[in-house]
Amino acid sequence: MSNIRSSFKSQGTATSESDRDTYKLRGLMPAVVESLEKQVARAFEQLRSKSSDLEKYIFLAWLRNTNTRLFYKMVMSSPEELMPLIYTPTVGAACVNYSHIYPFLAPNGSFDGLFISIDDIPVLDQLIENYKNALPDSTLTPDISVITDGSRILGLGDLGVGGMGIPVGKLQLYVAAAGLDPRKTLPICLDFGTNNQKNLEDPLYLGLRRKRPEGDEFHQAVDSVLATLNKAFPKMLIQFEDFSSEHAFELLERHRNRYLSFNDDIQGTGAVILSGFINAVREVGIPAKQHKLLFFGAGSAGVGVAKQIMDYFVLEHGMTEEEAKKLFWLNDSKGLVTHDRGDKLAQHKVYFAREDNEGQQYKSLKETIEHVRPTALIGLSSQGGVFDEEVLKLLSEINERPIVFPLSNPATQAECSFEQAMIHTKGKVLFASGTAFPRYVDEHKQEHVPGQGNNMYIFPGLGLGAILSRPSRITDTIIYASAAALADSLTEDERKSHLLYPRIDRIREVSAVVAAAVCRQAVKENLATEPWILSILPSGASTEVGSPAWEELLKYVETNMWEPSYKAIN
Ligand code: NAD
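Heads up: the sequence shown begins at 1 in full-length UniProt numbering, then just goes up one per residue.
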């Protein structure tokens, strides 16, 4: 009875006449009984009356913590309007200001997730107990946790405890895009201190005021947290998010075979770009093996994405690793990455360093393009505008359909805009960016939609598939399967419109396909541990898209996707 006012059970003015009597609510609200749709309309009216995006963020957080189902109904009825408010770009401002807005995000008694300070690690069992006791329904254990330590939040750096906005926001996207049950999502912020002087000097800062631990101390603390979480919730999927680059790679390698886990910044990004590339190759129409990829930017993102795309040539086109590697050229701030350039290459660049440059070094992007004659130019350099008119014209002289992916974020750091790419290639470009660019209307008034390599096409479906099939670990080939499924999910109409990614309003449909492909791959690799899946996919049966087993699998996935409705009070 006491839970009736919890954020999940609350129906506000939609509470039925009979429930008002049963739960003794008559008189505690206006007499009119409304529909969920009417409540959504009112909530939109309030939302749109706010003058800044941060105010809208605060209103939406309050709404989520007051009436969860109304909040998600709103998000799902207008994802294009709401997603930028609950996640990027608005969540960046929310994280920066987190210590200043925190008390206004959740009404008394509600909470957004678990804050684990490094000092609390010895009493972590107790924290988890407190969390369970505070849930409206303690029988619902979390299916997924998104964990950050706030050390590299988006492009904003170390925001300490303000990083909590990211797991909270990201899990909302899992719910909206893939139908995870919001009651079974656990955002976690590890408060290990902050190296950001601004935080340390802010009198309202809510995190620990000390420098972050490094090396073994950092890893031992994370090890303890993960071990305790695993003991409490052995089936829970863990998604690492926005750790500093150095720790992100280390954590993934250290834990990916111990716990069901993945890192979206590394694996999700790689998969989503790979998927756009597969569709671009299909559009270009020349044999895959004739492609040459030039990466401008050889940092963790550049090398990570290049390695993921390499899998495509190996797994789909039968190339050896050595053959596939030769299709890749990397360019960093010193020019083309070669073995004999004369500087000591950072370890992660060595793998792709060229040996066929015959002693010649190429400094500028134009020189490198003339040398390589790439079919695809991929920007992960944070150098806004470097894919200029000259570069784009050069690419379209070399290629009938140049592939140009300026992936750096935010828009000011993107290597070129969609409009520039369209104008300077005379509309021939196959384009995907990291940030959202407006549509382009050409001189014939024809509208063109830019591709956006948005991780949201992958992580919700990957997470749902992993939760439903529970593989003992998430392998590179499971990640690859998610990317291939995304590439194949384009409709006939989307292909005719030359899109590289599906329209975002089909995100739930797409997430279901990605999730089903993840389940299928987990079975194929003998890693799935959930018994239901083996009855749907008996060994030996065809699981091709369209086969009866595939259709049954897809149906199973779809029926396990949560939808916001007021079917019953609980
Ligand atoms: P990073 O700092 O590790 O790497 C940057 C790379 O760019 C380095 O290799 C550097 O040498 C190179 N570079 C810098 N200046 C250059 C210049 N003038 N000429 C040539 N190369 C130059 O950063 P990162 O983590 O690899 O991220 C790079 C970019 O990728 C960021 O803008 C980030 O937002 C973006 N990114 C996008 C996505 C996505 O689209 N989903 C995902 C991850 C990262």
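Heads up, the beta-carbon is just placed ideally off N, CA and C, and yes, glycines get one too.
| message | Please report the straight-line C-alpha distance between residue 351 and residue 72, rounded to a whole angstrom. | response | Your numbering for residue 351 matches position 351 in the sequence shown. Your numbering for residue 72 matches position 72 in the sequence shown. Each residue's Cα considered, the two are about 45 Å apart.
| said: Please report the distance separating the alpha-carbon of residue 234 from that of residue 100. | reply: Here residue 234 corresponds to residue number 234 of the sequence shown, with the count starting at 1. Here residue 100 corresponds to residue number 100 of the sequence shown, with the count starting at 1. Within the model, the alpha-carbon separation for residue 234 versus residue 100 is close to 35 Å.
| What's the C-alpha gap between residue 396 and residue 429? | The residue given as residue 396 occupies position 396 in the sequence shown. The residue given as residue 429 occupies position 429 in the sequence shown. Spanning the two alpha carbons is a distance of roughly 8 Å.
| message | Between which residues of its own chain and residue 373 is the CB-CB distance below 7 Å, once the five residues before and five after are set aside? | response | On the sequence shown, residue 373 is found 373 positions in, with the first residue counted as 1. Within the same chain, residue 373 has close Cβ partners 292 and 398.
| said: Short of 7 Å in beta carbon distance, which residues of its chain neighbour residue 225, apart from the five on each side in sequence? Order them along the chain. | reply: For the purposes of this step, residue 225 is taken as the residue at position 225 of the sequence shown. Around residue 225, the same chain offers 116, 121, 124 and 190 as residues with beta carbons nearer than 7 Å, after the five sequence neighbours per side are excluded.
| message | Using 7 Å as the threshold, is the C-beta distance between residue 463 and residue 144 below it? | response | One-based indexing of the sequence shown puts residue 463 at position 463. One-based indexing of the sequence shown puts residue 144 at position 144. The Cβ-Cβ distance between residue 463 and residue 144 falls below 7 Å.
| request: Could you tell me which residues DSSP pairs with residue 519 in its beta bridges? | output: Position 519 of the sequence shown, counted from the start, is the residue given in the question as residue 519. Residue 519 pairs with nothing; no bridge assigned.
| task | Measure the C-alpha to C-alpha separation of residue 286 and residue 471 and round it to an integer number of angstroms. | result | Taking the sequence shown and counting its residues from 1, one reaches residue 286 at position 286. Taking the sequence shown and counting its residues from 1, one reaches residue 471 at position 471. Approximately 37 Å, taken between the alpha carbons.
| said: Rounding to the nearest angstrom, what Cα-Cα distance links residue 37 and residue 564 in this structure? | reply: Indexing the sequence shown from 1 puts residue 37 at position 37. Indexing the sequence shown from 1 puts residue 564 at position 564. Going by the C-alpha atoms only, they are around 11 Å apart.
| Would the C-beta of residue 267 count as close to the ligand NAD, meaning under 6 Å from any of its heavy atoms? | Stepping through the sequence shown from its first residue, residue 267 is reached at position 267. No, the beta carbon of residue 267 sits no closer than 6 Å to any heavy atom of the ligand NAD.
| task | Indicate whether the contact test is met: 3 or more Cβ pairs, each with one atom in the stretch 253–272 and one in the stretch 176–194, closer than 8 Å. | result | Here the stretch 253–272 does not lie against the stretch 176–194, with fewer than 3 beta-carbon pairs under 8 Å apart.
| Between which two residues does the alpha helix (DSSP H) containing residue 199 stretch? | Counted from its first residue, the sequence shown places residue 199 at position 199. For residue 199, the enclosing alpha helix (DSSP H) begins and ends at 197–201.
| said: Give me the DSSP bridge partner(s) of residue 150. | reply: In the sequence shown, residue 150 corresponds to position 150, counting from 1. Paired residue(s): none; residue 150 is not in a bridge.
| field | Buried/exposed call for residue 41, threshold 16 Cβ in 10 Å | value | In the sequence shown, residue 41 corresponds to position 41, counting from 1. Of the residues assessed, residue 41 falls on the exposed side of the cut-off, its CB having fewer than 16 other CB atoms within 10 angstroms.
| field | Bridge partner(s) assigned by DSSP for residue 448 | value | As a working note, residue 448 is residue 448 in the sequence shown. For residue 448, which the question treats as bridged, DSSP gives the partners 440.
| Relative to the alpha-carbon of residue 376, which residue among 457, 402, 557 and 392 has its alpha-carbon at the smallest distance? | Translated into the one-based positions of the sequence shown, residue 376 becomes position 376. Ranked by how close their Cα comes to the Cα of residue 376, the residues 457, 402, 557 and 392 have 402 in first place.
| field | Three-state secondary structure (DSSP) of residue 101 | value | On the sequence shown, residue 101 is found 101 positions in, with the first residue counted as 1. Residue state for residue 101 is assigned as helix, using DSSP reduced to three classes.
| message | Distance check for residue 188 and residue 251, CA to CA, integer angstroms please. | response | Residue mapping note: residue 251 aligns to position 251 of the sequence shown, counting from 1. Residue mapping note: residue 188 aligns to position 188 of the sequence shown, counting from 1. Cα to Cα, the separation comes out at about 16 Å.
| query | If you drop the 5 nearest sequence neighbours on each side, which residues of the same chain put their C-beta closer than 6 Å to that of residue 339? | reply | On the sequence shown, position 339 is the one that residue 339 refers to. Within the same chain, residue 339 has close Cβ partners 353 and 355.
| message | With a threshold of 8 Å on Cβ separation, who are the neighbours of residue 343 within its own chain once the five nearest residues in sequence on each side are excluded? | response | Against the sequence shown, residue 343 aligns to sequence position 343. Counting only Cβ-Cβ distances below 8 Å, and skipping sequence neighbours, we find 334.
| request: Tell whether a beta-carbon distance below 7 Å holds between residue 597 and residue 469. | output: In the structure displayed, the chain extends from 1 to 570; residue 597 sits before or after that span and is not available.
| request: Pick helix, strand or coil for residue 548, following the three-state DSSP scheme. | output: Within the sequence shown, the letter at position 548 stands for residue 548. In the structure shown, the three-state DSSP call for residue 548 is helix.
| Test item: CB-CB of residue 365 and residue 329 under 7 Å | Here residue 365 refers to the residue found at position 365 of the sequence shown. Here residue 329 refers to the residue found at position 329 of the sequence shown. No.
| message | Tell me the residue span of the beta strand (DSSP E) that contains residue 84. | response | In the sequence shown, residue 84 corresponds to position 84, counting from 1. Segment 79–86 is the alpha helix (DSSP H) holding residue 84; no beta strand (DSSP E) there.
| task | Just the C-alpha distance for residue 548 and residue 447, rounded to the nearest angstrom, thanks. | result | Here residue 548 corresponds to residue number 548 of the sequence shown, with the count starting at 1. Here residue 447 corresponds to residue number 447 of the sequence shown, with the count starting at 1. Counting only the Cα atoms, residue 447 lies some 39 Å from residue 548.
| Does DSSP put residue 19 in a helix, a strand or coil? | For the purposes of this step, residue 19 is taken as residue 19 along the sequence shown, with counting starting at 1. The answer is helix: DSSP assigns residue 19 an H, G or I state.
| task | Put residue 401 into one of helix, strand or coil per three-state DSSP. | result | The residue you call residue 401 lines up with position 401 of the sequence shown. Coil, per DSSP.
| What separation, rounded to the nearest whole angstrom, lies between the Cα atoms of residue 479 and residue 485? | As a position in the sequence shown, residue 479 is number 479, starting the count at 1. As a position in the sequence shown, residue 485 is number 485, starting the count at 1. Here the alpha carbons of residue 485 and residue 479 stand approximately 10 Å from one another.
| Rounded C-alpha distance that separates residue 176 from residue 264 | Residue numbering aside, residue 176 sits at position 176 when the sequence shown is read from its first letter. Residue numbering aside, residue 264 sits at position 264 when the sequence shown is read from its first letter. When rounded, the distance between both Cα atoms is 17 Å.
| request: Name the two residues that bound the continuous alpha helix (DSSP H) containing residue 95. | output: As a first step, residue 95 is located in the sequence shown; it is residue number 95 there, counting from the start. Per DSSP, residue 95 belongs to the alpha helix (DSSP H) from 90–96.
| task | Can you give me the Cβ contacts of residue 525 inside the same chain, cut-off strictly under 8 Å, excluding the 5 residues immediately before and after it? | result | Locating residue 525 in the sequence shown gives position 525, where the first residue counts as 1. So the qualifying residues of the chain are 471, 475, 477 and 478.
| field | Distance, residue 425 Cα to residue 550 Cα | value | Walking along the sequence shown from the start, residue 550 turns up at place 550. Walking along the sequence shown from the start, residue 425 turns up at place 425. Per the coordinates, the alpha-carbon of residue 550 lies some 41 Å from the alpha-carbon of residue 425.
| said: Quick check: is any heavy atom of the ligand NAD less than 6 Å from the C-beta of residue 380? | reply: Stepping through the sequence shown from its first residue, residue 380 is reached at position 380. Checking the Cβ of residue 380 against the ligand NAD gives yes.
| said: DSSP has residue 416 in a bridge; who is on the other side? | reply: Locating residue 416 in the sequence shown gives position 416, counting from the first residue. None, per the DSSP bridge assignment.
| field | Member of 94, 262 and 19 whose CA lies at the smallest distance from the CA of residue 54 | value | On the sequence shown, residue 54 is found 54 positions in, with the first residue counted as 1. Of the candidates 94, 262 and 19, the one whose C-alpha sits nearest the C-alpha of residue 54 is 94.
| request: Give a yes or no on contact between the stretch 140–158 and the stretch 191–211, applying the rule of three or more CB pairs nearer than 8 Å. | output: Output reads yes: the stretch 191–211 touches the stretch 140–158.
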